[in-house]
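Quick mapping for you: the protein sequence lines, in order, are chains Z and G. Numbering-wise (the working numbering), the first sequence opens with residue 7 and increments by one. Numbering-wise (the working numbering), the second sequence opens with residue 7 and increments by one. All remarks here apply to the structure that follows.
Number of protein chains: 2
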Amino acid sequence: MSVNKTLLEAFKETPYKTNGHGSRNAAVLKEAFEHVASETESDMYGTGKVIEDFQTEMAEMLGKEASVFFPSGTMAQQIALRIWCDEKELKKAAYHPLSHLEIHEEDGIKELHGIETVLLADKDRVITLEDIQNMKEEVAVILLELPQREIGGQLPEFETLQSISKYCREKGIKLHLDGARLLEVLPYYRKSASEVCSLFDSVYISVYKGIGGIAGAVLAGGEEFIKKSKVWKRRHGGDLISLYPYIISADYYLDQRAGKMEQYYHNAVEFAHLYNECEKVSTLPEVPVSNMFHVHYAAAKETLEPILIDVYEKTGVGLSGYVRETGEASCYYEVSIGDLYDTIPKEKLKEAFTLLNENLKQI
Amino acid sequence: MSVNKTLLEAFKETPYKTNGHGSRNAAVLKEAFEHVASETESDMYGTGKVIEDFQTEMAEMLGKEASVFFPSGTMAQQIALRIWCDEKELKKAAYHPLSHLEIHEEDGIKELHGIETVLLADKDRVITLEDIQNMKEEVAVILLELPQREIGGQLPEFETLQSISKYCREKGIKLHLDGARLLEVLPYYRKSASEVCSLFDSVYISVYKGIGGIAGAVLAGGEEFIKKSKVWKRRHGGDLISLYPYIISADYYLDQRAGKMEQYYHNAVEFAHLYNECEKVSTLPEVPVSNMFHVHYAAAKETLEPILIDVYEKTGVGLSGYVRETGEASCYYEVSIGDLYDTIPKEKLKEAFTLLNENLKQI
């Protein structure tokens with residue numbers, strides 16, 4: 007067992023990586039642009055064929071009147087909440103305690119927009135209708151994240167979403183969808199994107215998660231909402247002269263992968279099962295409802311890392327480049343299934359999990 | 007004379023365009039990436055070799071401790087002013103009435119950051135030391151734009167900059183440089199970038215003006231300032247998972263064009279002279295001090311447009327794709343000299359200006 011190599015180094019050297027679509031390297035851009043004509047004109051500050059066509063396509067897919075391409079979801083979602091707060095003249099928004107806005111954005115929503123936030127539900131479960139009905143404060147907008155990424159990608163049942171949507175409409179509360187991984191949950195729900203989005207007043211979708219583009223996000227909603235979002239996009243410094251490197255690659259990989267979400271989902275279910283058969287391992291959720299899940303180990307990070315390195319070096323299968331500590335004797339990492347999973351020979355996977363299980367039994 | 011064709015259409019068809027580096031099309035990206043290895047790893051949320059190397063290079067060029075790559079100058083500059091305002095616990099910034107922040111950003115500085123702005127100098131001239139000395143209000147920071155783009159790219163003398171810098175330091179006012187076109191003014195000043203930047207506490211430079219990249223900006227300053235700017239970059243939604251499409255192209259075109267700024271400047275002086283020899287035409291400034299100037303016509307937009315179309319169609323020389331009205335019988339457009347100017351045969355230019363002058367004499 008190599009002791010000098012870090013987990014990340016050992017992982018990078020494996021020929022069989024189980025997660026994602028492949029390296030985030032320049033090849034992603036080069037492939038997307040290989041067949042793009044050199045004369046293809048850049049977008050110009052939000053106008054031009056390349057951005058307008060994609061926005062139209064995305065609005066149609068999401069069943070909304072209009073959409074706008076943003077450099078990031080962070081920007082798109084803060085702006086969505088701001089517009090709904092301004093409309094109601096109430097600077098309060100509610101979301102899950104582990105929402106991206108709460109834990110990954112340096113409090114942009116509060117620092118830039120002065121919006122107070124109300125946290126719904128416990129950290130370890132998804133938001134229910136009851137959480138919303140029992141809210142003590144009035145809010146302008148509620149943000150729901152599907153799937154709830156920080157707890158392994160859990161989902162409420164579709165009927166719960168319907169009842170939340172109905173309740174919010176009755177109470178005059180706007181409902182915004184953090185659909186960073188929206189396409190990834192459609193196979194479980196057995197719904198189209200527009201069927202899910204019809205429950206929400208505004209929707210954000212990422213183009214570099216399951217779709218595997220380079221960066222960027224789409225915000226969709228009604229005409230008036232989108233018009234306002236473009237003004238805020240300019241204010242945020244997101245109305246770049248050229249966003250085409252992101253748009254063209256988003257369009258390219260969306261075409262390639264929108265039809266593969268069912269496959270990613272089924273592979274995630276199969277893969278989680280392999281994990282759950284090992285000692286001291288459990289996945290969250292136990293049976294995935296999208297292409298993602300978290301792998302929890304009842305072992306200390308320092309104990310697990312050499313075990314994983316051993317598996318990587320002996321089998322060539324790379325399970326994760328990092329492990330995150332959750333306690334003295336517990337840790338986890340995230341799995342998102344993409345194109346790579348199906349390129350790994352099944353016997354290789356079996357070999358890796360047999361060794362992983364043996365190693366875990368010995369601790 | 008074609009009457010059905012718009013100015014922009016006629017301009018697009020000309021083989022000899024006088025301004026800029028060429029079309030903003032996908033070829034710009036494809037050329038920059040042609041020799042980039044596919045394995046080149048993406049930056050990841052502001053970290054990684056591709057972004058860190060470029061930031062180090064730019065900090066060195068600008069003579070500052072550190073720099074950070076931003077998706078836009080709009081974002082970079084609002085953040086710079088915010089940091090200086092927070093430091094002084096005074097939310098007031100001063101700049102020119104035609105500053106980018108005042109007229110092109112939908113009041114982001116006010117709406118997102120709550121910063122009050124003080125307008126210095128008259129619209130039609132650059133800021134002087136006296137304007138600053140006579141300011142009635144206390145401000146945390148002053149922004150100077152070099153060159154002042156909206157008035158044709160005018161510049162204060164370098165000695166004025168030095169005295170403004172000295173005054174601000176004595177008074178504890180931070181000085182920020184809007185150096186969107188900083189490299190473009192160095193030949194006139196006969197100074198290095200770091201010599202100019204040494205007069206300022208923080209500096210922004212664009213990578214898609216004279217440099218001709220795709221989009222993006224660099225903010226440079228002291229270590230502490232840059233550290234804070236990264237937090238605000240995250241809040242603004244500018245800390246993208248991958249900025250490499252912009253960074254790699256910025257680096258590529260900076261290498262190609264940083265040494266050409268002197269040539270662009272001299273060509274601008276020559277070109278402005280051609281304009282000024284025509285009837286009813288004057289350039290602002292009369293003798294350019296960078297690669298840019300404005301061309302003002304003592305003619306109505308509707309009168310001028312068919313005249314320009316005639317020149318474009320008969321000589322193949324394209325002078326501008328638009329004309330902006332400034333009054334009933336006056337209009338203008340902007341010229342920025344880049345790579346294209348030197349590709350036009352001199353006799354073609356002469357032919358175009360002879361015809362332009364003849365056409366203008368007849369109105």
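C-beta atoms are modelled at their ideal positions from N, C-alpha and C, and glycine is treated no differently. Keep in mind the model is a prediction, meaning the values are calculated, not measured.
Span of the beta strand (DSSP E) around residue i
i, result
"residue 116 of chain Z", "It is not in any beta strand (DSSP E) - residue 116 of chain Z instead sits in the alpha helix (DSSP H) that spans 114-117."
"residue 330 of chain Z", "330-333"
"residue 151 of chain Z", "147-151"
"residue 225 of chain G", "223-227"
"residue 181 of chain Z", "180-185"
"residue 341 of chain G", "336-342"
"residue 98 of chain G", "98-101"
"residue 74 of chain Z", "72-76"
Pick from the options that is closest to residue i, judged by C-alpha positions
i, options, result
"residue 161 of chain Z", "Z:122, Z:192 and Z:90", "Z:192"
"residue 139 of chain G", "G:120, G:178, G:109 and G:156", "G:178"
"residue 51 of chain G", "Z:111, Z:217, Z:199 and Z:98", "Z:111"
"residue 254 of chain G", "G:32, G:46 and G:28", "G:46"
"residue 114 of chain G", "G:54, G:84, G:202 and G:104", "G:84"
"residue 299 of chain Z", "Z:307, Z:287 and Z:305", "Z:287"
"residue 131 of chain Z", "Z:148, Z:204, Z:154 and Z:141", "Z:154"
"residue 75 of chain G", "G:349, G:245 and G:116", "G:245"
"residue 79 of chain G", "G:135, G:200, G:349 and G:215", "G:215"
"residue 25 of chain G", "G:194, G:345 and G:357", "G:345"
"residue 363 of chain Z", "Z:340, Z:331, Z:350 and Z:305", "Z:305"
Residue j beta carbon less than 9 Å from that of residue i
i, j, result
"residue 359 of chain G", "residue 310 of chain G", "no"
"residue 220 of chain Z", "residue 38 of chain Z", "yes"
"residue 213 of chain Z", "residue 260 of chain Z", "yes"
"residue 183 of chain G", "residue 145 of chain G", "no"
"residue 82 of chain Z", "residue 223 of chain Z", "yes"
"residue 312 of chain G", "residue 158 of chain G", "no"
"residue 250 of chain G", "residue 56 of chain G", "yes"
"residue 137 of chain Z", "residue 180 of chain Z", "no"
"residue 44 of chain G", "residue 278 of chain Z", "no"
"residue 151 of chain G", "residue 102 of chain G", "yes"
"residue 123 of chain G", "residue 135 of chain G", "no"
"residue 352 of chain G", "residue 22 of chain G", "no"
"residue 190 of chain G", "residue 271 of chain G", "yes"
Coarse secondary structure for residue i, derived from DSSP in three states
i, result
"residue 284 of chain G", "coil"
"residue 365 of chain G", "helix"
"residue 122 of chain Z", "strand"
"residue 7 of chain Z", "For residue 7 of chain Z, the predicted structure reports a pLDDT of 47, less than 50, and the residue's modelled location is therefore unreliable. The matter cannot be settled from this model."
"residue 50 of chain G", "strand"
"residue 67 of chain Z", "helix"
"residue 111 of chain G", "coil"
"residue 12 of chain G", "coil"
"residue 35 of chain Z", "helix"
"residue 325 of chain Z", "coil"
"residue 236 of chain G", "helix"
"residue 265 of chain Z", "helix"
"residue 289 of chain Z", "strand"
"residue 23 of chain G", "strand"
"residue 354 of chain Z", "helix"
Residue range of the alpha helix (DSSP H) that includes residue i
i, result
"residue 298 of chain G", "Residue 298 of chain G -> not in any alpha helix (DSSP H); beta strand (DSSP E) instead, spanning 298-303."
"residue 79 of chain G", "79-94"
"residue 213 of chain G", "Careful: residue 213 of chain G lies outside any alpha helix (DSSP H) and carries neither H nor E."
"residue 320 of chain Z", "307-321"
"residue 220 of chain Z", "Per DSSP, residue 220 of chain Z belongs to no alpha helix (DSSP H) and is neither H nor E."
"residue 195 of chain Z", "188-195"
"residue 173 of chain G", "164-177"
"residue 345 of chain G", "Premise fails: residue 345 of chain G is in no alpha helix (DSSP H) and is neither H nor E."
"residue 40 of chain Z", "First-last for residue 40 of chain Z: undefined, no H or E at that position."
"residue 144 of chain Z", "Residue 144 of chain Z -> no alpha helix (DSSP H), and no H or E assigned at all."
Anticipated Cβ contact below 8 Å, residue i with residue j, distance rounded
i, j, result
"residue 99 of chain Z", "residue 121 of chain Z", "5 Å"
"residue 322 of chain Z", "residue 20 of chain Z", "5 Å"
"residue 342 of chain Z", "residue 17 of chain Z", "Incorrect: roughly 15 Å between the Cβ atoms, too far for contact."
"residue 367 of chain Z", "residue 337 of chain Z", "About 18 Å separates the two Cβ atoms, so there is no contact after all."
"residue 13 of chain G", "residue 329 of chain G", "7 Å"
"residue 264 of chain Z", "residue 73 of chain Z", "Incorrect: roughly 15 Å between the Cβ atoms, too far for contact."
Distance cut-off 8 Å: residue i Cβ against heavy atoms of the ligand NAD
i, result
"residue 145 of chain Z", "Within the structure as shown, the ligand NAD is missing, as the structure has no ligands at all."
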